[in-house]
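Before any comments, here is the structure.
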Amino acid sequence: MEKLLFAMALMRFISAAVEFTAAMIFLRLKSLEAALRINALLGLVGPLVFTAVSLIGLFGMAGKVSPAKLLIIFTGVLLVLIGTRAG
């Protein structure tokens with residue numbers, strides 16, 4: 024369990040480092056167009072990190088939570104992804 028928790032935290036730390044680096048690049052380039060392009064790439068990273076961290080957590084809970092509750096949690100994660108989708 025501790026390994027999974029560490030993996031979840033590590034993924035979030037890496038994600039935060041990527042976000043911080045992107046913000047620094049925004050300031051260094053001083054270009055709105057470049058910032059928007061970088062921001063578009065970050066828009067792809069966020070949902071991937073969310074999904075990966077959620078799946079790691081669900082994997083860790085698999086033996087401790089009933090299958091029905093796991094299905095409810097998985098459905099919730101899926102609804103968040105669908106609800107935040109563009110379009």
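Oh and the sequence shown: position 49 is 72 in our numbering, straight run, nothing missing.
Don't be surprised by glycine CBs; every beta carbon is placed ideally from N, CA and C.
Being a predicted model, the structure only gives us computed values, none of them experimental.
query, result
"Extent of the continuous alpha helix (DSSP H) run through residue 41", "25-52"
"Of the listed residues 96, 61, 70 and 37, nearest to residue 82 (C-alpha basis)", "96"
"Straight-line gap, residue 93 to residue 43 (C-alpha atoms, nearest Å)", "33 Å"
"Residue from 26, 58 and 104 with nearest C-alpha to residue 47", "58"
"Beta-carbon proximity list for residue 70, same chain, < 8 Å, skipping 5 on both sides", "104 and 107"
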